[in-house]
Amino acid sequence: MGLTTPPAPVDVVVLFPELASQSKTAVRLHPRRGTPAATDSSMGGPLLWPADEPWPSCASSDHEDLSSPRPIAMVSILQVYARDVPELPFPPDADVCQVLWCPFVHESDYRPVVRVVWRDSHLFADLLAAAPEPVASEKGYRPRPCVLSPERVEEYPAVWEVPEELYEKIDAWESSLNGPQKWSYQYHLSVAPGTKAGGWVDWVQLSETVECGQDHEMEHLLTIASWEHDPGSAIRWVPLEEQHLLSSDFDPERMGPASIMIGDAGSAYLFICLQCPDRPVRGVSQWS
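The sequence shown begins at 486 in this note's numbering and counts up by one.
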């Protein structure tokens, strides 16, 4: 089932012409509970993994809440095929992007260790029957299987990322609004929440500049979010096909279909360096 984000309540560029050159396209992945196969794009579903390739594990000794250090099998987080999200920076010889992480927060930096694998789905026929189970995991770091419904949306920078003069202009516009719906630039016009590819980063806290080991500024690859929206942003970002489900009741199942919880309803952001030949990926996590 395709999902459709409601249109913006106002034309952002007409209101704020300064943003005309700041638009970015993000691909909302819209994870929803389902039974994906290894040949599908999915969140928390089975990966297209060669039977003869070792499954990755995390051998770090700083797993939070684990009494003794031991290797932990990583778990499937995302699998995205180029046919579904061609906007991802696939290498020339790859058509699948796979994301796995250690299902534990690490005490050294308070985020899970992430591994990204790019592969060509046409190169092998024998698939791993089932991924190994981790010997232990932290609650909230093993997503329930979800199918994806990719959708393109236009985004603009968060309010704290715009120049002060524009910030004041946005504030004046918000203060002038009357009526039952109090629109907010930040919640309703700027950055799409939820799990997505590309676009602006929906930072939970202050924005960060992420650099690789060679001091190159890295590009936003993927966001893996605990919630697809929060109560403040729901009226704009809940798909039209699900608007009838909106109510004043707090519903974590609907807000986070994959049942992951990164800190306190936070997000994990993956960045990639396209200047380095080995295309390193770095993860950053934030929560309130």
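All C-beta atoms in this analysis are idealised placements derived from N, C-alpha and C, irrespective of residue type, glycine included.
Item to check | residue 657 versus 665, 635, 669 and 646, residue with shortest Cα-Cα distance | outcome: 669
Next on the checklist: Measuring straight from C-alpha to C-alpha, what distance separates residue 560 and residue 631?
Outcome noted: 14 Å
Next on the checklist: Considering Cα atoms alone, identify which of 544, 640 and 750 is closest to residue 599.
Outcome noted: 544
Next on the checklist: Considering only their Cβ atoms, is the gap separating residue 769 from residue 695 smaller than 8 Å?
Outcome noted: yes
Item to check | Between the CA atoms of residue 546 and residue 592 - distance to the nearest angstrom | outcome: 9 Å
Next on the checklist: Alpha carbons only, please: which of 659, 691, 711 and 676 is nearest the one belonging to residue 500?
Outcome noted: 659
Checklist entry - Around the Cβ of residue 710, are there at least 16 other Cβ atoms within 10 angstroms (buried) or fewer (exposed)? => result buried
Checklist entry - Are there 16 or more other CB atoms within 10 angstroms of the CB of residue 667, so buried, or fewer, so exposed? => result exposed
Next on the checklist: Which same chain residues end up closer than 7 Å to residue 761 when comparing Cβ atoms and leaving out the 5 residues on each side of it in sequence?
Outcome noted: 697, 699 and 701
Item to check | Per-residue burial, residue 692 [other beta carbons within 10 Å of its own, 16 or more giving buried] | outcome: exposed
Item to check | As assigned by DSSP and simplified to three states, the class of residue 535 | outcome: strand
Checklist entry - So who's on the other strand from residue 542, going by DSSP bridges? => result 558
Checklist entry - What first and last residue would you give for the alpha helix (DSSP H) that runs through residue 500? => result 497-500
Item to check | Coil, strand or helix - residue 720 by DSSP | outcome: helix
Item to check | Residues that DSSP places opposite residue 566 in a beta bridge | outcome: 581
Next on the checklist: Given this structure, state the Cα-to-Cα distance separating residue 682 from residue 571, to the nearest angstrom.
Outcome noted: 10 Å
Checklist entry - So does the segment 612-623 actually touch the segment 526-545, counting three or more Cβ pairs closer than 8 Å? => result yes
Item to check | For residue 688, the three-state DSSP class (helix, strand or coil) | outcome: coil
Next on the checklist: Could you tell me the alpha carbon to alpha carbon distance between residue 519 and residue 649, rounded to whole angstroms?
Outcome noted: 44 Å
Checklist entry - Between residue 685 and residue 511, which are expected to be in contact by the criterion C-beta below 8 Å, what is the C-beta distance as a whole number of angstroms? => result 7 Å
Checklist entry - Which residues in the same chain have their Cβ closer than 6 Å to the Cβ of residue 744, if we skip the five residues on either side of it in sequence? => result 629
Checklist entry - In chain order, which continuous runs of the beta strand (DSSP E) of length 3 or greater are located wholly inside the segment 596-663? => result 599-604 and 636-640
Checklist entry - By the 10 Å Cβ neighbour count, where 16 or more other Cβ atoms means buried, how is residue 645 classified, buried or exposed? => result exposed
Next on the checklist: Whole angstroms are fine: how far does the CA of residue 704 sit from the CA of residue 507?
Outcome noted: 15 Å
Item to check | Cβ-heavy atom distance, residue 625 to the ligand FMN, below 7 Å | outcome: This structure does not include the ligand FMN; it has no bound ligands of any sort.
Next on the checklist: Given a cut-off of 8 Å on the beta-carbon distance, is the pair residue 582 and residue 573 in contact?
Outcome noted: yes
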